[in-house]
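Read the structure below first, then the notes.
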Amino acid sequence: MPKPSVQASENNAKKAIAKPSAQEAIAALTKAVAKNIPNKVAEVRKYWEQLKANTKNTDNIELLHRKAHTLAGTMGTYGFEAIATSAKEIELVLQAFDDKSSQPFPTAKLDVLLDNLEEIAVVTSPRKFSQMSTIPVALVSTNKNKANSKVIYLVDDDKDFLNNMEIQIANFGYDVECFSSLGDFDDALAVKEPSVVVMDVMFGEKINGGIDHITQLNNHREQPLRTIFITGGNDLYTRLGAVRANGHAYFTKPLLVEQLVDTLDGLTHQVEEEPFRIVIVDDSIEQSNFAALILKQAGMETKEVNGPLDLLSVLAEYPADLILMDLYMPDCSGLELSQVIRQIDTYINIPIVFLSYEKDLGQKLSALSLGGDDFLSKPVEAWHLVSAITNRVIRGRTMRKFAETDGLTGLLNHSKTKERLEVEIARATREKNTLAFAMLDIDHFKHVNDTYGHPAGDRVLKSLANLLKQRLRSYDIISRYGGEEFVVILPNTTLDEAEKIMDKLRIAFSEIKHYHDKGGFSCQFSCGVTAFPDFSSGISLSNEADKALYQAKASGRNKVVSREN
Amino acid sequence: MLERILYAEDDGDIQQIAILALETLGGFTIQTCNDGLEVLAAIEDFAPQLLLLDVMMPNMDGPTALMKIREIAAFNKTPAIFMTAKVQPEEIKQYQDMGAIGVIAKPFDPMTLADQIRDVWQKREQ
Numbered sequence: 001m002p003k004p005s006v007q008a009s010e011n012n013a014k015k016a017i018a019k020p021s022a023q024e025a026i027a028a029l030t031k032a033v034a035k036n037i038p039n040k041v042a043e044v045r046k047y048w049e050q051l052k053a054n055t056k057n058t059d060n061i062e063l064l065h066r067k068a069h070t071l072a073g074t075m076g077t078y079g080f081e082a083i084a085t086s087a088k089e090i091e092l093v094l095q096a097f098d099d100k101s102s103q104p105f106p107t108a109k110l111d112v113l114l115d116n117l118e119e120i121a122v123v124t125s126p127r128k129f130s131q132m133s134t135i136p137v138a139l140v141s142t143n144k145n146k147a148n149s150k151v152i153y154l155v156d157d158d159k160d161f162l163n164n165m166e167i168q169i170a171n172f173g174y175d176v177e178c179f180s181s182l183g184d185f186d187d188a189l190a191v192k193e194p195s196v197v198v199m200d201v202m203f204g205e206k207i208n209g210g211i212d213h214i215t216q217l218n219n220h221r222e223q224p225l226r227t228i229f230i231t232g233g234n235d236l237y238t239r240l241g242a243v244r245a246n247g248h249a250y251f252t253k254p255l256l257v258e259q260l261v262d263t264l265d266g267l268t269h270q271v272e273e274e275p276f277r278i279v280i281v282d283d284s285i286e287q288s289n290f291a292a293l294i295l296k297q298a299g300m301e302t303k304e305v306n307g308p309l310d311l312l313s314v315l316a317e318y319p320a321d322l323i324l325m326d327l328y329m330p331d332c333s334g335l336e337l338s339q340v341i342r343q344i345d346t347y348i349n350i351p352i353v354f355l356s357y358e359k360d361l362g363q364k365l366s367a368l369s370l371g372g373d374d375f376l377s378k379p380v381e382a383w384h385l386v387s388a389i390t391n392r393v394i395r396g397r398t399m400r401k402f403a404e405t406d407g408l409t410g411l412l413n414h415s416k417t418k419e420r421l422e423v424e425i426a427r428a429t430r431e432k433n434t435l436a437f438a439m440l441d442i443d444h445f446k447h448v449n450d451t452y453g454h455p456a457g458d459r460v461l462k463s464l465a466n467l468l469k470q471r472l473r474s475y476d477i478i479s480r481y482g483g484e485e486f487v488v489i490l491p492n493t494t495l496d497e498a499e500k501i502m503d504k505l506r507i508a509f510s511e512i513k514h515y516h517d518k519g520g521f522s523c524q525f526s527c528g529v530t531a532f533p534d535f536s537s538g539i540s541l542s543n544e545a546d547k548a549l550y551q552a553k554a555s556g557r558n559k560v561v562s563r564e565n
Numbered sequence: 001m002l003e004r005i006l007y008a009e010d011d012g013d014i015q016q017i018a019i020l021a022l023e024t025l026g027g028f029t030i031q032t033c034n035d036g037l038e039v040l041a042a043i044e045d046f047a048p049q050l051l052l053l054d055v056m057m058p059n060m061d062g063p064t065a066l067m068k069i070r071e072i073a074a075f076n077k078t079p080a081i082f083m084t085a086k087v088q089p090e091e092i093k094q095y096q097d098m099g100a101i102g103v104i105a106k107p108f109d110p111m112t113l114a115d116q117i118r119d120v121w122q123k124r125e126q
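As you go down the protein sequences, you meet chains Z and E in turn.
So the first sequence is numbered by our numbering: it starts at 1 and just counts up by one.
So the second sequence is numbered by our numbering: it starts at 1 and just counts up by one.
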């Protein structure tokens with residue numbers, strides 16, 4: 001029997017020193033755990049491969065089950081919720097299998113889940129613990145994983161190509177390091193891990209030299225390198241080789257930088273999605289607590305409303321993604337309440353999910369006809385509740401995105417931008433802050449479309465959108481105002497600062513090379529900048545920026561002009 | 001007053017943050033075990049006032065450990081709290097029937113874990 005650990009006395013001794021730095025201790029623990037994530041995930045992978053070799057072995061099933069369970073628990077505790085959820089899914093699949101062993105083993109499903117887990121593990125960061133907002137110290141460092149997230153290794157024996165690509169990719173905010181020999185690349189790899197390797201397929205004399213090299217490296221690594229292959233050829237055999245070497249993407253030359261950067265963004269960026277915000281309406285506090293507990297465990301944010309008549313005032317202040325509502329309540333039923341909500345335009349898109357003991361199909365149907373989106377019967381299983389709500393929220397958010405953004409660039413559209421501008425002006429007024437407003441227009445864009453074709457023009461628009469997204473701060477508002485016109489709203493920024501920022505962007509954009517069938521070309525933009533409180537309304541800001549933009553165009557284009565009152 | 005807690009959890013990372021939450025932030029005295037067997041080995045010497053047991057552990061899980069502990073006369077009334085990631089009503093009921101005074105859902109919030117335990121403890125005393 002193993003001896004119980006004797007940590008009690010030791011920890012007591014440390015207590016006096018440790019107390020003031022509890023938050024640092026948690027941060028340190030979280031850091032240590034974060035560092036160990038790749039190993040933990042690799043371990044799960046190992047047990048999965050072991051099990052895959054013999055899916056009849058119940059011991060191996062049990063082992064993987066336990067590993068997945070533990071990983072879910074640890075990751076959940078330290079706030080790495082995406083990983084926790086992913087591991088939980090693996091656990092659930094194994095659990096479901098345990099119960100009905102007459103079914104074929106879900107190998108394909110688990111393969112997908114394992115891949116998913118590995119992908120998530122690379123781009124994850126912990127959430128902050130709920131109570132920590134009261135402690136004025138930044139607690140959970142997310143920089144650990146991000147450290148090398150911008151480092152790209154570009155490997156190609158064509159030096160001209162390297163020089164050209166280095167500038168262009170760097171323009172999108174990446175740290176690019178170039179290697180024209182595999183030996184140099186290996187040396188650099190030993191010192192620092194890049195986030196992504198962009199590797200030429202054909203190296204020197206060898207037709208698949210790049211692929212072979214990556215394959216060899218990966219054979220000695222726990223985690224395969226994330227690799228994008230580029231090549232002059234496009235035959236299936238080479239593509240197959242690239243896939244086998246764990247290539248994440250495959251591009252043929254001439255390379256479309258926007259496409260490459262899109263892929264790099266996908267592989268490196270952690271897209272931090274805001275937590276789902278769920279309003280729970282239930283007259284029973286216990287019931288709403290229970291639902292809230294389940295949803296919080298799944299990483300959602302909840303607000304409980306126990307008096308149905310309070311719902312409207314809560315909705316007015318809380319940007320809910322979904323309403324989870326009990327059907328039978330005193331004062332007013334869930335059906336009546338959903339009708340009321342649906343009569344208010346602002347809330348017409350909020351999904352409503354009913355939760356009740358209702359078994360009668362007629363009642364369910366009438367609940368749905370009156371504006372409900374789904375119906376869950378109590379007692380509802382935790383995973384069912386979470387998955388029903390997750391699906392609804394994702395769809396709701398996607399719909400909202402379609403309504404508010406431009407399809408080509410993913411930037412906010414004209415009407416949403418005007419709305420946001422008013423909100424930001426109100427905020428700046430309240431906080432006695434400045435705000436800058438810039439209007440950009442791509443020079444001679446009609447000429448681009450006419451000469452190189454509309455697909456090339458679209459790529460130019462996308463590359464400007466990407467550049468703005470990459471270079472500006474997360475709370476800056478970027479929009480495609482129409483055609484080749486873009487608007488940028490920079491909160492907490494003065495006119496001078498904004499002018500400098502926009503000028504840097506102007507230079508960066510002019511350095512991007514755009515490709516089409518017959519070769520490369522570059523584009524420039526002109527820009528007009530104004531600022532609040534110099535101009536105090538949305539209309540005056542945009543009118544004056546428009547005038548400044550006209551001035552920039554009239555005085556020779558490819559420049560930034562600012563305008564004071 | 002609640003001071004001595006015997007805590008069982010198989011995952012080292014979770015142990016660490018729980019110890020921090022309970023000792024540093026909560027001021028309890030904690031003895032940590034890695035599974036149910038270790039709990040049985042440690043309980044007489046440590047004489048805990050409260051058992052805090054993870055449900056799923058290798059070698060011996062939390063519920064089994066609690067049943068074994070109930071066979072020891074000195075600890076057949078020691079209150080126990082389970083920690084589990086599965087919070088389904090039937091399961092909670094089942095643990096309560098076994099004599100658990102509370103169930104704490106995992107993942108827990110380290111900043112409030114000690115308060116949660118004190119809450120459960122006080123409710124039981126009332």
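The C-beta atom is built at its ideal place from N, Cα and C for all residues, glycine as well.
Keep in mind the model is a prediction, meaning the values are calculated, not measured.
Does any residue of chain E bring its CB to less than 8 Å from the CB of Z/Glu272?
Low confidence applies to Z/Glu272: its pLDDT is 47, below 50, so where it sits in the model is not reliable enough to give any reading.
When you compare the CB of Z/Met1 with every CB in chain E, is at least one pair closer than 8 Å?
Here the model assigns Z/Met1 a pLDDT of 42, short of 50, so the residue's position is not dependable, and the following value carries that caveat. The C-beta of Z/Met1 comes closer than 8 Å to at least one C-beta of chain E.
With DSSP collapsed to three states, give me the class of Z/Val197.
In the structure shown, Z/Val197 sits in a strand (DSSP, three-state: E or B).
Kindly indicate which three-state DSSP category Z/Lys418 falls into: helix, strand or coil?
Reduced to three states, the DSSP call for Z/Lys418 is helix.
What's the call for E/Ile117, buried or exposed, on a 16-neighbour Cβ count within 10 Å?
Classification for E/Ile117: buried.
Throw me the rounded Cβ distance for the Z/Gly528 and Z/Ala508 pair, which I believe falls under 8 Å.
Actually they do not touch by this definition, with Cβ atoms about 18 Å apart.
Which residues mark the beginning and the end of the alpha helix (DSSP H) in which Z/His454 is found?
Unbroken alpha helix (DSSP H) run through Z/His454: 454-471.
Test item: CB-CB of E/Ile5 and E/Leu22 under 8 Å
Contact flag set, yes.
Between the beta-carbon of E/Leu20 and the beta-carbon of Z/Ala438, is there less than 8 Å?
Not closer than 8 Å, so no.
Select from Z/Ile37, Z/Lys67, Z/Ala188, Z/Asp441 the residue whose C-alpha is nearest the C-alpha of Z/Glu118.
When each option's Cα is compared against that of Z/Glu118, the closest is Z/Ile37.
Straight-line gap, Z/Ser130 to E/Phe46 (C-alpha atoms, nearest Å):
Annotation note: pLDDT 35 at Z/Ser130 (below 50); position unreliable, coordinate value reported separately. Taking the Cα positions, Z/Ser130 is about 33 Å away from E/Phe46.
Looking only at C-alpha atoms, which of E/Val39, E/Tyr7, E/Leu40 sits nearest to E/Thr29?
Among E/Val39, E/Tyr7, E/Leu40, the Cα nearest to that of E/Thr29 is on E/Tyr7.
With 9 Å as the limit, tell me which residues of the region 50-77 of chain E have their beta carbon closer than that to any beta carbon of chain Z; keep them in chain order.
Closer than 9 Å at the C-beta level to chain Z, one finds these residues of the region 50-77 of chain E: Asp54, Met56, Pro58, Asn59.
Let me know the secondary structure DSSP gives E/Phe46 once reduced to three states.
Three-state result, E/Phe46: helix.
Cut-off 8 Å between Cβ atoms - residues of its own chain near Z/Lys206, not counting five sequence neighbours on either side
Answer for Z/Lys206: Asp212, listed in chain order.
Any C-beta of chain A within less than 8 Å: which residues of the region 280-299 of chain Z qualify?
You won't find chain A in this structure, because its protein chains are Z and E.
At a CB distance below 7 Å, what residues from the region 22-44 of chain Z approach chain E? Give them in sequence order.
Only Ala22, Ala25, Ile26, Leu29, Val33 from the region 22-44 of chain Z bring a Cβ to less than 7 Å from some Cβ of chain E.
Who are the near neighbours of Z/Ala121 in its chain, counting only those whose CB is closer than 6 Å to its CB and skipping five residues on each side?
So the qualifying residues of the chain are Ile37, Val41, Ile83.
Tell me whether the beta-carbon of Z/Ile389 lies closer than 8 Å to the beta-carbon of Z/Val448.
Against a cut-off of 8 Å, the Cβ pair of Z/Val448 and Z/Ile389 comes out as no contact.
Quick one: any contact between the region 504-521 of chain Z and the region 536-548 of chain Z, if contact means 3 or more CB pairs under 8 Å?
The region 504-521 of chain Z, when compared against the region 536-548 of chain Z, does not touch it at the 8 Å Cβ threshold.
Sub-8 Å separation of Z/Phe525 and Z/Asp458 beta-carbons:
Z/Asp458 sits away from Z/Phe525, with the two beta carbons spaced by 8 Å or more.
Who are the near neighbours of Z/Ala465 in its chain, counting only those whose CB is closer than 6 Å to its CB and skipping five residues on each side?
For Z/Ala465, where only same-chain residues beyond five positions count, the Cβ hits under 6 Å are Thr409, Leu411.
List the residues of chain E that Z/Tyr47 touches, going by C-beta distances under 7 Å, in chain order.
By Cβ distance, chain E contributes nothing, its closest Cβ being about 14 Å from Z/Tyr47, past 7 Å.
Candidates E/Lys106, E/Ile92, E/Thr78: closest to E/Leu2 by CA position
Per the C-alpha coordinates, the member of E/Lys106, E/Ile92, E/Thr78 positioned closest to E/Leu2 is E/Thr78.
Roughly how many angstroms lie between the CA atoms of Z/Gly483 and Z/Asp450, to the nearest whole one?
Each residue's alpha carbon lies about 15 Å from the other.
Could you say if the region 171-185 of chain Z and the region 292-312 of chain Z meet the contact criterion of at least three C-beta pairs nearer than 8 Å?
No: fewer than three Cβ pairs fall under 8 Å.
With H, G and I counted as helix, E and B as strand and the rest as coil, what does DSSP make of Z/Lys547?
Z/Lys547 falls in the helix class under three-state DSSP.
I'd like to know if Z/His69 contacts chain E, where contact means its C-beta is closer than 8 Å to some C-beta of that chain.
So, interface residue.
Between Z/Tyr78, Z/Glu404, Z/Thr417, Z/Gly407, which lies nearest to E/Ala18 when the distance is taken from Cα to Cα?
Checking every option, the nearest Cα to that of E/Ala18 belongs to Z/Tyr78.
Kindly list, in the order they appear in chain Z, the residues whose Cβ is closer than 8 Å to that of E/Ile14.
What E/Ile14 touches in chain Z: Gly73, Thr74, Thr77.
Report all residues from its chain with a CB closer than 7 Å to the CB of Z/Val271; omit the five preceding and five following residues, and keep chain order.
With a pLDDT of 44 at Z/Val271, under the threshold of 50, the modelled position of that residue is not reliable, and the figure given next carries that caveat. Once the five neighbours on either side are set aside, Z/Val271 has no close Cβ partner at all.
Rounded straight-line distance, which links the Cα of Z/Met199 to that of Z/Asp156
Taking the straight line from one Cα to the other gives about 6 Å.
Going straight from the alpha carbon of Z/Met1 to that of Z/His65, what length do you get?
Unreliable placement is indicated for Z/Met1, whose pLDDT of 42 sits below 50; the coordinate value is still reported in the next sentence. Going from the Cα of Z/Met1 to the Cα of Z/His65 covers about 24 Å.
Rounded distance between the beta-carbons of Z/Val279 and Z/Leu315, thought under 8 Å
That belief holds up - the Cβ atoms of Z/Leu315 and Z/Val279 are roughly 7 Å apart, short of 8 Å.
List, in order along the chain, the chain Z residues whose C-beta lies closer than 8 Å to that of E/Phe108?
What E/Phe108 touches in chain Z: Thr77.
For Z/Val112, does the count of other Cβ atoms within 10 angstroms reach 16, so buried, or fall short, so exposed?
Result: exposed.
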